[in-house]
Amino acid sequence: MLSVRPSRAVATPQVREKRQILCQPGRRGPPNLRPRPLKETGREKCSSSAFPFCSGIPMPQTNNRGFSAVLNNRHFLFLWGAQILSQTAMNGIHFTQMVLIEKLTRSSAQLGIVIMAWSLPAVLFSAVAGVVVDRFPNKRILVTSNVLRILTASSYILVLRTLEGHPLLLAIYTITFIASAIGQFFSPAEAATIPLLVNHQYLLAANSLFSLTLTASAVVGLMLLGPLGIKLLGVESSFAAIAVIYIGAAILVALLPKDNPHPARNSHASSAIKRAWAEVREGWRFVGPHRPVLAALSRVTLVATLGLIMAMLVPGFAARVLGMNPEDAVYIFAPAGLGLVLATYLVGRFGYLVEREILINTGVGIMVLTLIALGLVSHGHRTLSTPLFETYPQATVSPTTAVMGLAAFLGFSIALVNIPAQTTLQERTPLEVRGRVFAVQFLVANVAGLPPTLFIGTLADRIGIPRVILLVAGGVAIAGGLGTYFALTRNRSD
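If you read the sequence shown in my numbering, its first letter stands for residue 131, the second for the next number, and so on.
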């Protein structure tokens with residue numbers, strides 16, 4: 131069979147016409163042979179990589195799917211910029227709320243209440259938010275959400291200037307709840323807008339950018355915007371700065387093109403919510419008998435609950451144990467992020483060499499020992515008015531340095547537990563029920579952490595944060611033991 135070598139000379143119209151025919155797969159031959167035309171199907175379209183002599187014929191672009199194409203999309207940049215601003219402001223305002231409550235009350239129980247006010251809307255409104263996003267234009271939801279966030283951020287300034295005592299605390303908790311509820315509608319509308327602005331072949335790059343900035347905005351909001359805003363501007367002015375950031379986000383989403391919702395036929399809000407809860411129940415019916423899945427779920431819930439508890443205790447630990455400002459807590463415990471990153475790299479690079487159950491149990495063991503050490507290091511703290519560094523003036527390593535080192539080990543242990551548990555949860559769950567199982571995970575992780583957070587916060591006010599940390603270490607050991615029992619127990623469905 132003769133083959134044709136592509137010519138580099140300028141082709142005449144007649145030659146280009148013949149090339150269009152020859153460009154069909156399986157029809158390569160000399161120019162003087164005219165093969166029968168084939169019916170055009172999806173598999174028979176020209177590709178310049180497979181048939182290099184097809185130059186000059188219009189073909190879909192397949193080699194430019196990187197970030198450059200996404201970053202040249204003006205509307206995507208508007209949405210991406212709005213995400214960066216809104217997520218940074220959201221994390222900054224959450225940190226400012228925690229510091230404000232610590233300054234007003236010096237109570238871990240009150241910090242637990244503000245955490246509950248921030249976490250509860252995710253449980254109550256997630257199903258409703260999905261229905262709203264399906265039934266209303268995304269742009270309208272994004273603009274309205276940011277406008278309402280401007281009002282809630284400004285409301286903190288109003289109540290701080292007009293109220294005091296218990297009415298002030300009640301107003302702060304109410305505003306926090308409303309602000310978190312608004313976020314439940316913004317996030318799914320934002321995610322649903324990405325495929326409307328970006329061609330499907332660039333979705334991977336677009337979602338990668340959104341995932342990157344989701345993490346980066348948390349770091350900037352919690353470690354820069356919140357602490358620096360409080361130090362340089364004060365609490366009230368920090369809320370004002372955050373409101374200005376939300377104004378920027380609202381302007382960016384207002385520049386997006388209009389979109390029309392496409393609700394399913396005969397879709398009603400009540401039936402959609404009932405379906406959502408029915409899927410959660412179906413997911414739980416799968417999780418219960420499958421012990422490895424149940425064990426993985428218990429480990430993920432353990433990590434989520436510990437995160438809520440530490441978020442509640444950390445501001446008080448910095449202020450009442452270390453004798454520092456509450457806003458400095460994020461710097462004291464920042465090494466936890468470094469430990470988490472290190473463990474993430476090591477597990478991703480070498481984790482396949484070790485059984486997952488060994489990784490998880492090692493992580494739980496490090497977690498328990500770290501919490502015990504954290505409680506013992508701060509055990510010299512006797513009263514709320516005696517900072518820890520005054521109790522140990524002769525220490526070779528300052529207590530603050532010791533706490534920072536222990537925070538790194540705590541972050542390392544969290545990743546060592548969470549990553550293998552999440553992987554097990556994904557691998558042991560069939561595709562047809564995976565979404566419902568993850569819905570159960572989301573619900574359990576959010577609901578299970580709320581009662582311990584409130585109870586431990588109240589207990590910390592009575593017996594002190596160091597003793598409570600020791601009790602938390604015992605609870606983690608018990609929960610880790612239960613997870614190991616579930617993992618080693620034979621699957622009842624086998």
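The beta carbon of each residue, even a glycine, is placed where N, CA and C say it ideally should be.
For clarity, every value in this text was computed on a predicted model and none was experimentally measured.
Query                                                                                                                 : Result
Under the three-state DSSP convention, the category S179 falls into                                                   : With a pLDDT of 36 at S179, under the threshold of 50, the predicted position of this residue should be treated as unreliable, though the coordinate-derived value follows. Three-state result, S179: coil.
Straight-line gap, A247 to W210 (C-alpha atoms, nearest Å)                                                            : 28 Å
Buried or exposed by the 16-neighbour rule on C-beta atoms within 10 Å, applied to T619                               : exposed
Residue range of the alpha helix (DSSP H) that includes M440                                                          : 421-446
Contact belief for V570 with W414 at Cβ below 8 Å, rounded distance in angstroms                                      : 5 Å
Inter-residue spacing [alpha-carbon to alpha-carbon] between L424 and G260                                            : 27 Å
Proximity to L555 [Cα-Cα], best of M497, T282, A617, T226                                                             : A617
N-terminal and C-terminal residue of the alpha helix (DSSP H) that M246 is part of                                    : 238-265
First and last residue of the uninterrupted alpha helix (DSSP H) at M454                                              : From DSSP, M454 is part of no alpha helix (DSSP H); its letter is neither H nor E.
Residues near I214 in its chain [Cβ-Cβ closer than 7 Å; skip 5 each side]                                             : T343, S347
Backbone secondary structure at E232 - three-state DSSP                                                               : helix
Check whether S275 and F315 have beta carbons under 7 Å apart                                                         : yes
Residues of its chain near N548, where Cβ-Cβ distance is below 6 Å and the 5 sequence neighbours each way are ignored : V433
Any C-beta of chain C under 7 Å from that of L272                                                                     : Considering every chain present, this structure includes no chain C. It has just one protein chain.
F315 in three-state terms, based on DSSP                                                                              : helix
Nearest neighbour of F255, chosen from K404, V507, H420, Y461 [CA to CA]                                              : K404
Collapsed DSSP secondary structure at F92 in the structure displayed                                                  : Within the shown structure, residues of the chain are numbered from 131 to 624, placing residue 92 beyond reach of any answer.
Simplified DSSP assignment, three categories, for S508                                                                : coil
When V258, P560, M220 are compared against V417, the one with the closest alpha-carbon                                : P560
For H330, the nearest candidate out of A199, D458, A464, M534 (CA to CA)                                              : A199
Burial state of G295 (16 or more Cβ within 10 Å)                                                                      : exposed
Start and end residues, alpha helix (DSSP H) containing F463                                                          : Element bounds for F463: n/a, residue is neither H nor E.
Where R195 falls: helix, strand or coil (DSSP)                                                                        : Note on R195: pLDDT 48, under 50, position unreliable in the model; no value is reported.
Burial state of E320, where buried means 16 or more other Cβ atoms lie within 10 Å                                    : buried
Close beta carbons around T588, own chain, < 6 Å, minus the five adjacent residues each side                          : A239
Cβ neighbour criterion (16 or more within 10 Å) applied to E457                                                       : buried
G364 versus V277 - alpha carbon distance                                                                              : 23 Å
K388 in three-state terms, based on DSSP                                                                              : coil
Neighbour-count burial assignment, G594, 16 or more Cβ in a 10 Å radius                                               : buried
Proximity to L470 [Cα-Cα], best of I223, F542, L326                                                                   : F542
Length of the line joining the Cα atoms of A607 and V498                                                              : 6 Å
R558, DSSP secondary structure in three states                                                                        : coil
When V273, P357, L536, V430 are compared against L385, the one with the closest alpha-carbon                          : V273
Extent of the continuous alpha helix (DSSP H) run through L354                                                        : From DSSP, L354 is part of no alpha helix (DSSP H); its letter is neither H nor E.
Close Cβ partners of A311 (< 8 Å) along its chain, the five nearest in sequence each way excluded                     : P251, L254, F255
Alpha-carbon to alpha-carbon, A380 and F197                                                                           : 25 Å
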